[in-house]
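A.B. asks:
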Amino acid sequence: MTDNIALWQLSLEISDEFISVFEVLMEPFVESLMWTVDEDVSGVQKMEGFVTAKPDLALIQGVVDAACVELGIVAPMLKLSPLEDRDWVVENLKEFPPIDEGRFFIYGSHVTERPLLGRIPMRIDPGAAFGTGTHATTSGCLQAIDDLGKKHVFKRPLDVGSGSGILAIAMAKLWHIKILGTDIDPTAVHVAKKNAHLNQVQSFLDFRTGPGFFPIAKSDRFDLIVANILARPLTQIAPDLGRHLKPNGYVVLSGLIERDERFVVGAYRAQGLKFKRRYVRDGWLTLVLQKR
5 MTDNIALWQL
15 SLEISDEFIS
25 VFEVLMEPFV
35 ESLMWTVDED
45 VSGVQKMEGF
55 VTAKPDLALI
65 QGVVDAACVE
75 LGIVAPMLKL
85 SPLEDRDWVV
95 ENLKEFPPID
105 EGRFFIYGSH
115 VTERPLLGRI
125 PMRIDPGAAF
135 GTGTHATTSG
145 CLQAIDDLGK
155 KHVFKRPLDV
165 GSGSGILAIA
175 MAKLWHIKIL
185 GTDIDPTAVH
195 VAKKNAHLNQ
205 VQSFLDFRTG
215 PGFFPIAKSD
225 RFDLIVANIL
235 ARPLTQIAPD
245 LGRHLKPNGY
255 VVLSGLIERD
265 ERFVVGAYRA
275 QGLKFKRRYV
285 RDGWLTLVLQ
295 KR
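Following this note's numbering, the numbering of the sequence shown begins with 5 at its first residue and continues without gaps.
#1: Just tell me which of I18, S19 and F33 has its CA closest to the CA of A236.
#2: Just checking my contact of L87 with L11 at CB under 8 angstroms: how many whole Å lie between their CB atoms?
#3: Taking the straight line between their C-alpha atoms, what separation do you get for V55 and D264?
#4: Answer yes or no: do A174 and Y283 have a C-beta to C-beta separation smaller than 8 angstroms?
#5: Round the Cβ separation of C145 and V28 to the nearest angstrom and send it over; I've been treating them as touching at under 8 angstroms.
#6: Near T239, which residues of its chain fall below 7 angstroms by C-beta distance, leaving aside the five closest residues on each side in sequence?
#7: Rank V25, L14, P125 and W39 by C-alpha distance to the C-alpha of K58 and give the top, closest one.
#8: Note the first and the last residue of the continuous alpha helix (DSSP H) segment covering K177.
#9: Are T186 and P219 close, meaning C-beta to C-beta below 8 angstroms?
#10: Verify the CB distance criterion: does D20 have a CB-CB separation below 8 angstroms to chain B?
#11: Could you have a look at D189 and say whether DSSP puts it in helix, strand or coil?
#12: Grab me the residues of T290's own chain with a C-beta within less than 6 angstroms of its C-beta, minus the 5 sequence neighbours each way, in chain order.
#13: Is the Cβ-Cβ distance between R107 and D150 less than 8 angstroms?
#14: What residue range is occupied by the uninterrupted beta strand (DSSP E) comprising R282?
#15: Out of A196, K197, P190 and L202, point me to the one whose CA is closest to P215's CA.
#16: Answer with buried or exposed for K83, where buried requires no fewer than 16 other C-beta atoms within 10 angstroms of its C-beta.
#17: Please state whether the Cβ-Cβ distance between A231 and F208 is less than 8 angstroms.
#18: With a CB to CB cut of under 7 angstroms and the five nearest residues on each side skipped, what residues in its chain are close to F26?
#19: Can you list, in chain order, the residues of its chain with a C-beta nearer than 6 angstroms to that of S85? Leave out the 5 residues immediately preceding and following it.
#20: Among V67, H156, R296 and R247, which residue has its Cα nearest to the Cα of D224?
#21: R127 by DSSP, collapsed to three states: which one?
#22: Is L63 near the ligand COA - that is, is its Cβ less than 7 angstroms away from at least one heavy atom of it?
#23: So the candidates are M81, L228 and L178; which of them puts its Cα closest to the Cα of V205?
#24: Roughly how many whole angstroms lie between the Cα atoms of G53 and F22?
#25: For the alpha helix (DSSP H) containing R212, list its first residue and its last residue.
#26: Closest by CA to A200, which one among T142, F109 and I170?
#27: Quick one: what's Y272 bridged to in DSSP?
#28: Using a Cβ-Cβ cut-off of 8 angstroms (strictly less than) and excluding sequence neighbours within five positions of M81, which residues of its own chain qualify?
#29: Determine which residues share a DSSP beta bridge with P119 and list them.
Structure below.
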């Protein structure tokens with residue numbers, strides 16, 4: 005078993021008629037929840053929950069079993085699976101050519117190809133991208149950053165949950181301004197600093213260790229905040245984010261699936277933000293909001 009586990013996945017199969025019951029049942033144990041239709045079995049859906057810390061499978065199975073006794077149905081068997089942090093950057097550098105995302109050209113040290121004129125090169129080597137998310141979420145953030153940069157001038161961005169630093173590096177290369185990044189994982193912060201040096205933007209970047217807004221001064225304010233984390237943490241940091249975001253500032257949120265959009269957007273509307281745009285890739289959302 006590798007130590008590089010990004011998420012744990014809980015999955016079960018249940019009849020359509022009990023989906024709403026199991027949604028309420030599973031919600032306390034996971035950070036994000038989704039379901040898909042089982043094309044092989046009529047009337048059955050597969051429910052999947054995602055959580056960062058390894059859950060107590062026996063405890064959750066016991067809760068499911070007890071609920072099924074009350075419902076008079078056979079309890080489904082829960083399956084727990086580790087999802088390694090097989091970041092899209094790493095996987096593509098190992099097996100495919102460089103990646104073009106918006107104006108960004110992402111490549112590994114083994115690549116000799118030069119980017120096209122006007123592209124912004126970023127070097128991220130295999131094994132260096134801890135916690136940067138899946139292909140859909142990271143690429144969605146890069147596209148959102150690229151699009152925002154075409155219409156707005158930013159002076160003080162923040163990257164919450166910066167992981168390998170790829171999003172902060174992208175902003176530094178795009179705008180040549182000071183950027184702050186935070187991550188709860190000290191290893192990720194070390195890697196982000198290394199990647200900043202590789203991309204020769206270390207003078208623009210300040211990476212700090214700590215959860216959410218903890219490493220940030222209470223008086224510090226930002227005109228752009230990017231957070232590529234899961235749905236529940238996104239809602240949990242909403243009050244802090246709202247306080248640290250300047251009036252008319254923008255937020256890029258990712259790491260949530262389509263069914264999470266309503267309650268995530270609701271948490272930010274409560275902080276005075278309004279919805280501006282969404283990017284949908286493979287069922288994952290990247291949202292852009294602005295403070296009123």
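All residues carry an ideal CB built from backbone N, CA and C; glycine is no exception.
C.D. replies: In terms of the structure at hand:
#1: Position check: residue 236 holds Arg in this sequence, whereas Ala was assumed. F33 is the residue among I18, S19 and F33 whose C-alpha sits nearest the C-alpha of R236.
#2: About 4 angstroms separates the Cβ atoms of L87 and L11, confirming a contact at the 8 angstroms cut-off.
#3: Within the model, the alpha-carbon separation for V55 versus D264 is close to 14 angstroms.
#4: The answer is no: Cβ separation not under 8 angstroms.
#5: With 8 angstroms as the limit, C145 and V28 do not qualify as a contact, their Cβ atoms being about 31 angstroms apart.
#6: Here the set comprises F267, V268 and A271.
#7: The option with the nearest alpha carbon to K58 is L14.
#8: Segment I170 to W179, the alpha helix (DSSP H) holding K177.
#9: Yes, the pair counts as a contact, with Cβ atoms nearer than the cut-off.
#10: Here there is only one protein chain, and chain B is not present.
#11: Under the three-state reduction of DSSP output, D189 falls in the coil class, being neither helix nor strand.
#12: The answer, listed in chain order, is G144, C145, A148, S258 and Y283.
#13: R107 is a Cβ neighbour of D150, given a cutoff of 8 angstroms.
#14: For R282, the enclosing beta strand (DSSP E) begins and ends at L277 to R285.
#15: Looking at A196, K197, P190 and L202, the one whose alpha-carbon comes closest to that of P215 is P190.
#16: Under this definition K83 is an exposed residue.
#17: No, these two residues do not count as a Cβ contact at 8 angstroms.
#18: Around F26: I18 and M51.
#19: Taken in chain order, the residues that qualify are Q13.
#20: Among V67, H156, R296 and R247, the Cα nearest to that of D224 belongs to R247.
#21: Three-state DSSP puts R127 in a strand.
#22: Absence of the ligand COA is noted for the structure shown, with no ligands found whatsoever.
#23: Comparing Cα positions, the closest option is L178.
#24: Cα-Cα distance, rounded: 16 angstroms.
#25: In the DSSP assignment, R212 falls outside any alpha helix (DSSP H) and within the unbroken beta strand (DSSP E) covering L209 to T213.
#26: Out of T142, F109 and I170, I170 has the C-alpha closest to the C-alpha of A200.
#27: Looking at the DSSP assignment, Y272 forms no beta bridge with any residue, so it has no partner.
#28: Around M81: L16 and Q65.
#29: In the DSSP output, where bridge partners are listed per residue, P119 has none listed.
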